[in-house]
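Here's the structure we're looking at; comments come further down.
Number of protein chains: 2
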Amino acid sequence: MSPRRKLSDARRRQILKAAVQVIAEKGLCDTGIKDVADQAGTSPALVIYYFGKKDVLLAEALSFADEHFYAQTADAVAELASARDRLVELVRCSCSVGEAEDDFDDWVLWLDLWARAPRDPDVARDRAAMDRRWRTTIAEIVREGQATGEFAAVDVDAFALRLGALIDGLAIQVVLRDPEVSRERMFELCMATCARELGFPWTPEDQAAVISAAHGRAPGGRAAG
Amino acid sequence: MSPRRKLSDARRRQILKAAVQVIAEKGLCDTGIKDVADQAGTSPALVIYYFGKKDVLLAEALSFADEHFYAQTADAVAELASARDRLVELVRCSCSVGEAEDDFDDWVLWLDLWARAPRDPDVARDRAAMDRRWRTTIAEIVREGQATGEFAAVDVDAFALRLGALIDGLAIQVVLRDPEVSRERMFELCMATCARELGFPWTPEDQAAVISAAHGRAPGGRAAG
C-alpha cells in the first residue's frame, strides 16, 4: 500500500467517524456536508470528493461502525468455547448491557438509515447487505450449537430472522428512551426468546453474571462507532 | 358542534390524508409544507395554522392513521368470539396479509417518525403514546385468552413488548422490500411466536385459511391511512 493510499484511508476513517458523531447528534435531515467537514477538520469539497452526498455518507458511516462492531464482537466471541456463550455475547453486545451509558447512542443512525432506504437505492443496498450479514452471523452460531447438541433443532433461518427483528424492534424502544424498555430489559427479553426456542436454561442469575462480567470491558453495540 | 368547527375538522382530516400520501412518497426530509398544501388543495398558511411545522404534521398524520387502523381493527375483532381469533386478526392486520398490494406502504411513515423522535419532544411523546396503546391492545387480548383458558399463563407485559417489537422489526424488512421477508413470511413468523408462547396449535393450513378469508375484505395495516 502506497503512503498516499494510506493517508487517504486514514482521512476517510476520520470523516466517517465525524459523520457518525454529527448525524447521531443532529439527525440526517438537519446534517449538512459542512457540519461533517467541520467536525472532521477538513473541507466540504474533500467530503464530497470521497462520498458524493450525505445519504451515501450515512450508509458508509454505518457500514464502518458495523465493521467496528463485528471486529470487536469477533474478538470477544472467539474466546468463548460454547455456542451458547457465543450467542449470549452477541446478544449482549447488541443490547450494549454492561457498557458505558452512551454506548447505545449510535443506534440512532439505524433510524436514519431505515428512513432513507426507501428513497435511495445505494442506502437500500447497503442496508440489505448489513442485515444479511447480521442474520448470517446469528445463524452460524445457532448451527454450531445444533452441531454440538447445545441447541434444539429449530428452523435456523426463521430463528435468525426473528431474533434479528426482535433486536431491531426492541432497540427502537431503547434508543427512543421508552419508559418500559431499558437495555437490561431488552437483553432479558431477547435471552428469554433464545433460551425458550433453542432449549437451554437461562435464569436471572445468568443474566446478572453476564452483565457483571461485561463491566470493565468496553466493546460497542451493533452500531457503535 | 357548530358548522364552522365541523368544516375545520373536515379540512384537518383532508390535510392529514394529504400528509400521509406526500410523506410516504417523498420522505419527511424532502417534504415541504407546500407539497402537503398542494396535495390537500389548500394553502401553506392554512397548514401552518393547523400544525405549525412538518414534524408535528407527521406525528399527527400517523396518529390519524393509527386511529383509522384501530377503528377498522375494532370492527373486525368485535365479530370474533375467541381470543385466539382476535389475536390472529390483530396480527394479520399488522402484516396486511390478504389485502391490496400497496396496503403496507404507509408503514414507511413509522421509519420517518422513529428518525424524528430523538430530536423532537412532540414527536417522541406521540410515538410513546401510540406504542403504549399498541402494547395495551395486545396485552388485553392475551389476558382475555388467559381468562378463558385459551392461552398459557405467560408474563403478559413481556409478551406484548416482544410481539410488538417483533412486528416492528419484521415490518422494517417488509417495507424496505428485503428479499427474505414478504408480508406472508412476516405473518408466519409472528404467528409461530404467538402459537409457541401462548400454547395453541397453528398450522400452515390455518395461515392459508386466514389469508384466504381476508381477501375481499379491505382493512388496513397498523399505519394505513
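Sequence lines, in order, name chains W and R. Mind the numbering: the first sequence is residues 1 to 225 in the numbering used here, read in order. Mind the numbering: the second sequence is residues 1001 to 1225 in the numbering used here, read in order. Ideal Cβ placement from N, Cα and C applies to all residues, glycine included.
Contacts with chain W at 8 Å (Cβ-Cβ) include A1158(R). Straight across, the Cα-Cα distance linking I23(W) with A1071(R) is about 37 Å. The C-alpha of V154(W) lies about 25 Å from the C-alpha of V1142(R). With contacts defined as CB atoms closer than 8 Å, C1190(R) and C1093(R) fail to qualify as a contacting pair. Taking the Cα positions, R127(W) is about 28 Å away from E180(W).
Nearest Cα to P1204(R) within the set D1066(R), F1187(R), A1010(R) and S1063(R): F1187(R). Inter-residue distance for F51(W) and W1107(R) is about 29 Å (C-alpha atoms, whole angstroms).
With contacts defined by Cβ atoms closer than 8 Å, A1076(R) and V1020(R) do not form a contacting pair.
When C-alpha distances from A1214(R) are compared across V1091(R), F1151(R) and L1198(R), the shortest belongs to V1091(R).
Apart from the 5 residues on each side of it in sequence, K54(W) sits with its Cβ closer than 7 Å to the Cβ of L28, T31 and I33 in its chain, given in chain order. When C-beta atoms of the region 1151-1170 of chain R are compared with those of the region 158-171 of chain W, three or more pairs fall below 8 Å, so the two segments count as touching. Taking 8 Å as the CB threshold, T1031(R) stays off the interface with chain W.
A117(W) sits away from L1080(R), with the two beta carbons spaced by 8 Å or more.
The beta carbon of R13(W) is closer than 8 Å to those of F64 in its chain, skipping five residues each way along the sequence. Comparing alpha carbon positions, the residue from D1103(R), V1036(R) and A1083(R) closest to Q1146(R) is A1083(R). The beta carbon of D178(W) lies closer than 6 Å to none in the same chain, with the five residues before and after it left out.
Contact note: W202(W) does not reach chain R at a C-beta cutoff of 8 Å; the least C-beta distance is about 13 Å. Across the set L1046(R), A1078(R), V1088(R) and G1041(R), the C-alpha of V1088(R) shows the shortest separation from the C-alpha of A1192(R).
Of S212(W), D105(W), A152(W) and A100(W), the smallest CA-CA separation from V174(W) is found for D105(W).
Interface with chain R (8 Å Cβ-Cβ cutoff): Q39(W) is excluded. Distance between F200(W) and F151(W), taken at the CA atoms: about 7 Å. At a cut-off of 8 Å between C-beta atoms, A19(W) does not count as an interface residue with respect to chain R.
Secondary structure note for K1053(R): it is in no alpha helix (DSSP H), with a DSSP letter that is neither H nor E. Within chain W, the residues E180, V181 and L189 have their CB atoms less than 7 Å from the CB of L1161(R), given in chain order. One thing to note: A115(W) has its Cβ no nearer than 8 Å to the Cβ of A1018(R). Residue burial annotation: A1061(R) is buried, with at least 16 other C-beta atoms found within 10 angstroms of its C-beta. Counting along the chain, P1179(R) sits inside no alpha helix (DSSP H), nor does DSSP assign it H or E at all.
In this structure, D1120(R) is the residue among A1100(R), D1120(R), P1044(R) and D1035(R) with its C-alpha nearest to the C-alpha of V1056(R).
Residues of the region 107-126 of chain W with a Cβ closer than 8 Å to any Cβ of chain R, in chain order: V108, L111, D112, W114, A115, R116, A117, P118, R119 and A124. Against chain W, the beta carbon of G1164(R) has neighbours under 8 Å at G169, listed in chain order. Residues are counted here when their Cβ sits less than 8 Å from a Cβ of chain R; for the region 133-150 of chain W these are R135, given in chain order.
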